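Q: Quick note on the UniProt record's numbering: the sequence shown kicks off at 1 and runs consecutively.
Input: one structure, supplied below.
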Amino acid sequence: MSTKDNEETLEESQLQEETNTADTTEQDELTTEEQLHADLAKEKDKFMRLFAEFENYKKRTSKERMDFFKTASQDTMTALLPILDDFERAMLHSQDDKEAEAMRQGVLLIYNKLVNTLNQKGMELIQVEAGDVFDADMHEAITQVEAPSDDLKGKIVEVVEKGYKLGERIIRFPKVVIGR
1 MSTKDNEETL EESQLQEETN TADTTEQDEL TTEEQLHADL AKEKDKFMRL
51 FAEFENYKKR TSKERMDFFK TASQDTMTAL LPILDDFERA MLHSQDDKEA
101 EAMRQGVLLI YNKLVNTLNQ KGMELIQVEA GDVFDADMHE AITQVEAPSD
151 DLKGKIVEVV EKGYKLGERI IRFPKVVIGR
């Protein structure tokens, strides 16, 4: 072989190497591009999940804040309930005394004003009467007595203490006597 043949062979080898290198580089670029697309899709998915989680967090905290504002005065109202009970008892006992009519009217006026103020702040009476069906989720049974009639078995015989709600939350369960 001559030098010329060696040079040609060498040139062919170099050309073939360059072609192989170019093909490999193109394949590397494609796989790099595919890898970048896959990474982008993964990061996009993480972003969407994080965004959805943040939106749920905002909704949850907003709801909790609204519930807090609705029931922020619960402690104060709960403390006022025994006073309300005392007013009711005083009015009940003063009905029999004709001489105390003026005082009864004054107590009634104060009682109505207190009830109206509490109602304006969101407190409402839980309506319970004798003969209603006992519901353990809504009533607090303090005792059971023999039912005066068969139709009062398992039902409320007497309401001992009224119950109240503040918004949707029960702040004091009605205390009742049920028939057995």
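C-beta atoms are modelled at their ideal positions from N, C-alpha and C, and glycine is treated no differently.
Since the structure is predicted, the reported quantities are computational estimates derived from the model, not experimental observations.
Let me know the secondary structure DSSP gives Gln144 once reduced to three states.
A: Three-state DSSP puts Gln144 in a strand.
Q: Excluding the five sequence neighbours on either side, which residues of its own chain have a C-beta within less than 6 Å of the C-beta of Glu161, listed in chain order?
A: Lys175
Q: On a CA-only basis, which of Gly106, Glu158, Met77 is nearest Ile170? Give me that one, please.
A: Met77
Q: Per DSSP, what kind of secondary structure is Arg65 in: helix, strand or coil?
A: helix
Q: Given a threshold of 16 other Cβ atoms within 10 Å of its Cβ, counted over all protein chains shown, does Val157 qualify as buried or as exposed?
A: buried
Q: Mind checking Met123: buried by the 16 CB within 10 Å criterion, or exposed?
A: buried
Q: In terms of residues, what are the limits of the alpha helix (DSSP H) holding Arg104?
A: 101-120
Q: From the DSSP output, in three-state form, read off Met138 for me.
A: coil
Q: Below 7 Å between beta carbons: does that hold for Val177 and Val133?
A: Not closer than 7 Å, so no.
Q: Among Thr32, Ile110, Phe54, Gly154, which one has its Cα closest to the Cα of Asp135?
A: Gly154
Q: Could you round the C-beta distance between Gly167 and Thr71 to whole angstroms and report it? I think they count as a contact, below 8 Å.
A: 6 Å
Q: Which residue marks the beginning of the beta strand (DSSP E) containing Glu124, and which one marks its end?
A: 123-126
Q: Enumerated in chain order, which unbroken segments of the beta strand (DSSP E) with a length of 3 residues or greater are wholly contained in the region 33-88?
A: Correct list: empty.
Q: Since Met91 and Val115 are thought to touch, with beta carbons under 8 Å apart, how far apart are those beta carbons, to the nearest angstrom?
A: With a Cβ gap of about 12 Å, Met91 and Val115 do not count as contacting.
Q: Given a threshold of 16 other Cβ atoms within 10 Å of its Cβ, counted over all protein chains shown, does Leu109 qualify as buried or as exposed?
A: With fewer than 16 Cβ atoms within 10 Å of its Cβ, Leu109 is classed as exposed.
Q: According to the neighbour-count rule (16 or more other Cβ atoms, all chains shown, within 10 Å of its Cβ), is Leu40 buried or exposed?
A: By the 10 Å Cβ count, Leu40 comes out exposed.
Q: Between the beta-carbon of Phe87 and the beta-carbon of Tyr57, is there less than 7 Å?
A: no
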